[in-house]
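A quick write-up on the structure given underneath.
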Amino acid sequence: MPGTNLIVPVVLWGKHAPTHCVSSVYLSRDQKTLVTGCYDGQICIWQVDPESLKMTPRCLLVGHTAPVTCLSRASIIQDNNFIVSSSEAGEMCTWDLVDGKCRESVKLSQIHTNIQAYHMCNSEDLRLFCNGYYAEILIMDPFSLEILFSLSSKMNPDWISALHVLRPSSRKDDVVLAISITGTVKVWSLLGHENKQSEPIYENESKQIRCLNALSLNCCAYNQRTVLIVCAKYCQIYDAGDFSVLCSIQAPSGERWMSGDFLAPDRVLVCSTEGKGYLYKLPANSVPDHKGFHGPTVDHDSPVLFGILGHPDNKVWLAKKVM
1 MPGTNLIVPV VLWGKHAPTH CVSSVYLSRD QKTLVTGCYD GQICIWQVDP ESLKMTPRCL
61 LVGHTAPVTC LSRASIIQDN NFIVSSSEAG EMCTWDLVDG KCRESVKLSQ IHTNIQAYHM
121 CNSEDLRLFC NGYYAEILIM DPFSLEILFS LSSKMNPDWI SALHVLRPSS RKDDVVLAIS
181 ITGTVKVWSL LGHENKQSEP IYENESKQIR CLNALSLNCC AYNQRTVLIV CAKYCQIYDA
241 GDFSVLCSIQ APSGERWMSG DFLAPDRVLV CSTEGKGYLY KLPANSVPDH KGFHGPTVDH
301 DSPVLFGILG HPDNKVWLAK KVM
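Just so you know, UniProt numbering puts 254 at position 254 of the sequence shown, and the rest follows in order with no gaps.
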């Protein structure tokens with residue numbers, strides 16, 4: 001028979017499948033595809049039934065040599081089945097979720113702990129806003145994995161622990177809101193023409209707050225006036241105007257907070273390391289549309305817990321393994 005260049009890789013294992021201790025998770029917008037990265041460096045693609053929530057492993061992606069820290073979508077197009085992954089070794093890969101092929105890979109000296117995909121003004125597709133064990137915020141192309149430009153700090157430069165990118169309703173520019181591990185909040189304004197040849201892009205504003213090692217930062221999408229910052233032992237609602245604390249929520253005894261977000265202008269969901277979700281109604285002084293917004297805090301004016309989400313069999317979710 002004539003020679004052929006066709007190579008068909010085959011992976012076999014015995015009675016027990018490989019370990020897959022989850023370190024990062026990505027769920028597609030249609031909620032039919034779940035992607036999990038693990039501490040061994042592999043990535044698993046799961047087919048999800050939205051009705052029964054049954055998950056079937058479909059593909060195992062091998063390309064990282066260290067724990068997978070970040071997973072993010074790569075395109076604004078709904079049917080564009082590409083994701084980007086990053087590892088603790090600085091490796092980044094762009095994957096095709098249909099056939100499991102790695103379309104692009106690069107190794108950086110910077111190690112990412114968070115990636116937010118965002119559609120900038122004057123840009124045809126998404127850009128990746130990356131932060132991690134370095135003092136800048138890197139903006140990257142998801143398909144070439146090229147660093148397009150970076151955001152630097154003039155005041156108290158330090159590792160960025162969390163960020164959020166948004167476009168204010170009354171403006172045409174994009175705003176990057178971030179917080180360093182030492183609690184310095186920073187704001188950058190982007191006009192859409194930034195590139196590598198630009199002058200260093202420094203923050204427009206900065207303020208020191210009492211918040212160390214933040215895990216997540218989210219601006220309320222309903223009013224763009226309040227900000228939720230989550231730390232391990234507590235989470236706080238801030239006024240985006242002057243970054244004063246409006247209210248605070250302590251983590252339950254024996255648990256640590258992991259992340260959170262707004263469900264409505266007056267309601268937040270905060271997730272813990274025990275795989276539980278806690279639903280809180282915010283007090284009047286933390287709701288911009290209320291006449292008592294930013295008013296003095298009184299003893300009875302505090303967040304009210306009105307629901308707890310948990311697994312029926314009370315087993316710990318994968319969230320604990322992420323930590």
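Think of the CB as a built atom: it goes at the ideal place given N, C-alpha and C, for glycine as much as any other residue. As the structure is a prediction and not an experimental result, all values here were calculated from the model.
| query | To which residues of the same chain is lysine 107 closer than 6 angstroms at the C-beta, ignoring the five residues directly before and after it? | reply | Residue mapping note: residue 107 aligns to position 107 of the sequence shown, counting from 1. For lysine 107, where only same-chain residues beyond five positions count, the Cβ hits under 6 angstroms are Gly90, Glu91.
| said: Checking 8 angstroms against the spacing of the C-beta atoms, do isoleucine 209 and valine 230 come in under that value? | reply: Stepping through the sequence shown from its first residue, residue 209 is reached at position 209. Stepping through the sequence shown from its first residue, residue 230 is reached at position 230. Going by C-beta atoms, isoleucine 209 is not nearer than 8 angstroms to valine 230.
| field | Nearest residue (CA-CA) to valine 98, options Glu88, Ser150, Cys44, Thr65 | value | Your numbering for residue 98 matches position 98 in the sequence shown. Of Glu88, Ser150, Cys44, Thr65, the residue nearest in Cα terms is Cys44.
| query | Touch check for the stretch 216-229 and the stretch 187-201: three-plus C-beta pairs under 8 angstroms? | reply | no
| message | If I follow the unbroken beta strand (DSSP E) through tyrosine 234, where does it start and stop? | response | Working through the sequence shown from its first residue, we reach residue 234 at position 234. 234-239 is the span of the beta strand (DSSP E), which, as asked, contains tyrosine 234.
| query | Which class does asparagine 195 belong to by DSSP, given the choice of helix, strand or coil? | reply | Looking up residue 195 in the sequence shown gives position 195. DSSP places asparagine 195 in coil when its eight states are reduced to three.
| request: Following the continuous beta strand (DSSP E) through arginine 58, name the residue where it begins and the one where it ends. | output: Stepping through the sequence shown from its first residue, residue 58 is reached at position 58. Residues 55-61.
| Local conformation of alanine 17 per DSSP, three classes | If you number the sequence shown from 1, residue 17 lands on position 17. Coil.
| message | When you compare the CB positions of valine 84 and isoleucine 137, do they come within less than 8 angstroms of one another, or not? | response | Residue mapping note: residue 84 aligns to position 84 of the sequence shown, counting from 1. Residue mapping note: residue 137 aligns to position 137 of the sequence shown, counting from 1. For valine 84 and isoleucine 137, no; Cβs fall outside 8 angstroms.
| message | Assuming contact is defined by CB atoms lying nearer than 8 angstroms, are leucine 282 and cysteine 235 in contact in what I supplied? | response | Start at 1 with the first residue of the sequence shown, and residue 282 comes out as number 282. Start at 1 with the first residue of the sequence shown, and residue 235 comes out as number 235. No, these two residues do not count as a Cβ contact at 8 angstroms.
| Which residues bound the beta strand (DSSP E) around glutamine 250? | Within the sequence shown, numbered from 1, the residue matching residue 250 stands at position 250. 245-250 is the span of the beta strand (DSSP E), which, as asked, contains glutamine 250.
| field | Paired residues, beta bridge with methionine 140 - DSSP | value | Locating residue 140 in the sequence shown gives position 140, counting from the first residue. Note: methionine 140 sits in a beta bridge opposite Leu128, Ile147.
| message | Is the beta carbon of valine 304 closer than 8 angstroms to that of tyrosine 280? | response | For this step, residue 280 is matched to residue 280 along the sequence shown. For this step, residue 304 is matched to residue 304 along the sequence shown. Yes, Cβ-Cβ distance for tyrosine 280 and valine 304 is below 8 angstroms.
| To the nearest angstrom, how far is it from the Cα of glycine 275 to the Cα of tryptophan 257? | Position 275 of the sequence shown holds residue 275. Position 257 of the sequence shown holds residue 257. CA-CA distance, glycine 275 to tryptophan 257, rounds to 10 angstroms.
| field | First and last residue of the uninterrupted beta strand (DSSP E) at methionine 92 | value | For the purposes of this step, residue 92 is taken as residue 92 along the sequence shown, with counting starting at 1. Element bounds for methionine 92: 91-96.
| In terms of alpha-carbon separation, which member of Cys130, Pro142, Glu88, Tyr134 lies closest to cysteine 102? | To locate residue 102, count along the sequence shown from 1; it is residue 102. The candidate whose alpha carbon is nearest that of cysteine 102 is Pro142.
| field | Identity of the residue in Lys233, Ser259, Thr182 nearest leucine 217 by Cα | value | For the purposes of this step, residue 217 is identified with residue 217 of the sequence shown, where counting begins at 1. Out of Lys233, Ser259, Thr182, Ser259 has the C-alpha closest to the C-alpha of leucine 217.
| field | Three-state secondary structure assigned by DSSP to serine 253 | value | Here residue 253 is taken as the residue at index 253 of the sequence shown, counted from 1. Serine 253 falls in the coil class under three-state DSSP.
| field | Straight-line Cα distance separating threonine 36 from threonine 19 | value | Counted from its first residue, the sequence shown places residue 19 at position 19. Counted from its first residue, the sequence shown places residue 36 at position 36. About 12 angstroms.
| query | Smallest Cα separation from tyrosine 39: which of Pro67, Ser170, Ile115? | reply | One-based indexing of the sequence shown puts residue 39 at position 39. Taking each of Pro67, Ser170, Ile115 in turn and checking the Cα distance to tyrosine 39, the smallest one comes out for Pro67.
| task | Would you grab the beta carbon distance between alanine 240 and cysteine 219 for me? Rounded to a whole angstrom, and I think it's under 8 angstroms. | result | As a working mapping, residue 240 is identified with position 240 in the sequence shown. As a working mapping, residue 219 is identified with position 219 in the sequence shown. Between cysteine 219 and alanine 240 the Cβ distance is about 6 angstroms, and since that is below 8 angstroms, they are a contact.
| Nearest residue (CA-CA) to tyrosine 26, options Asn5, Val62, Phe82 | Here residue 26 refers to the residue found at position 26 of the sequence shown. For tyrosine 26, the nearest C-alpha among the options comes from Phe82.
| said: Using a Cβ-Cβ cutoff of less than 6 angstroms, which residues in the same chain neighbour alanine 214 once the five nearest sequence positions on both sides are dropped? | reply: As a first step, residue 214 must be located in the sequence shown, where it is residue number 214. Excluding sequence neighbours, alanine 214 sits near Ser161, Ala162, Ile179, Ile229, Cys231.
| task | Identify, in the order they occur along the chain, each residue of the same chain with its Cβ nearer than 6 angstroms to the Cβ of lysine 207, setting aside the five sequence neighbours on each side. | result | Translated into positions along the sequence shown, residue 207 becomes position 207. Counting only Cβ-Cβ distances below 6 angstroms, and skipping sequence neighbours, we find Val185, Phe243.
| request: In the DSSP assignment, find the unbroken beta strand (DSSP E) run with tryptophan 46 in it and report its ends. | output: Counting from one through the sequence shown, the residue named residue 46 turns up at place 46. Start and end: 43-48.
| message | Taking 8 angstroms as the limit between beta carbons, can you name the residues of its chain near histidine 294, skipping five residues before and five after? | response | Along the sequence shown, read from residue 1 onward, the residue named residue 294 stands at position 294. Asp239, Ser244, Leu246, Asn285, listed in sequence order.
| query | Looking at the structure shown, is serine 72 part of a helix, part of a strand, or coil, going by DSSP? | reply | Against the sequence shown, residue 72 aligns to sequence position 72. Serine 72 falls in the strand class under three-state DSSP.
| said: Less than 8 angstroms between the C-beta atoms of asparagine 156 and glycine 132, yes or no? | reply: Walking along the sequence shown from the start, residue 156 turns up at place 156. Walking along the sequence shown from the start, residue 132 turns up at place 132. Cβ atoms of asparagine 156 and glycine 132: not closer than 8 angstroms.
| query | If you draw a straight line from the C-alpha of alanine 17 to the C-alpha of glycine 100, how long is it? | reply | Locating residue 17 in the sequence shown gives position 17, counting from the first residue. Locating residue 100 in the sequence shown gives position 100, counting from the first residue. About 19 angstroms.
| By Cβ distance below 8 angstroms, which residues in the same chain neighbour lysine 320 in space, the five residues on each side in sequence not counted? | Position 320 of the sequence shown, counting from 1, holds the residue named residue 320. Confidence is the limiting factor: at lysine 320 the pLDDT is only 35, short of 50, which leaves the residue's position unreliable, though a coordinate-based value still follows. Closer than 8 angstroms at the Cβ level, and outside the excluded window around lysine 320, lie Thr273, Glu274, Gly275.
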